[in-house]
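Residues in the sequence shown are numbered from 16 upward in steps of one, following the working numbering.
Backbone N, C-alpha and C define an ideal beta-carbon position, used for all residues, glycine too.
The block underneath contains the structure these notes are about, expressed in structure tokens.
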Amino acid sequence: AQINGDAVKTSAGALNLLPVCREADLHQTIEFLKNSGLTIIACTEKADADLGHSDAAHLSGPVAVLMGSEEDGISPDLLRLCDQRLRIPMSGQIQSLNVGVAAGIMLFEVAKHRG
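Structure follows, in structure tokens:
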């Protein structure tokens, strides 16, 4: 999605404070982030570990959270590059979330482990 005036307004100005970048080659970007010392965490329903029940140390250090599209998720090639895969535990018959909601939950957990 494009970052336009509506996006800035919806973010309540947060886009003016947070560094945001768009990359054409996610494989290269993930490798760069890993080589820079970040742990790459994929948020995916294909994960074996639940968010909130995993090693908190992975969330307290430098991390990048990879979110997939609501339609296609994260490609298998990108999932293989990730250090950790986490899923958001859900109960009931609904087993999917809007990607914005899922990202908010993931980032809340990261922030919680940083004090």
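Residue i - partner residues in DSSP beta bridges
i	result
residue 57	81, 100
residue 64	101
residue 76	Answer by DSSP bridge pairing: none, since residue 76 is not bridged.
residue 88	84
Supposed close pair residue i, residue j - CB separation, criterion 8 Å
i	j	result
residue 66	residue 102	7 Å
residue 128	residue 51	With a Cβ gap of about 20 Å, residue 128 and residue 51 do not count as contacting.
residue 53	residue 77	5 Å
residue 90	residue 114	About 15 Å separates the two Cβ atoms, so there is no contact after all.
Cut-off 8 Å between Cβ atoms - residues of its own chain near residue i, not counting five sequence neighbours on either side
i	result
residue 118	58, 80, 82
residue 73	54, 56, 98, 99
residue 106	none
residue 49	55, 96, 98
residue 110	60
Close Cβ partners of residue i (< 7 Å) along its chain, the five nearest in sequence each way excluded
i	result
residue 33	none
residue 35	18
Is the stretch 58-66 touching the stretch 20-40, taking contact as three or more C-beta pairs under 8 Å? Not touching, per the Cβ criterion.
Inspect the CB distances between the stretch 33-52 and the stretch 88-99 and report whether three or more fall short of 8 Å. Flag = yes, the stretch 33-52 and the stretch 88-99 touch.
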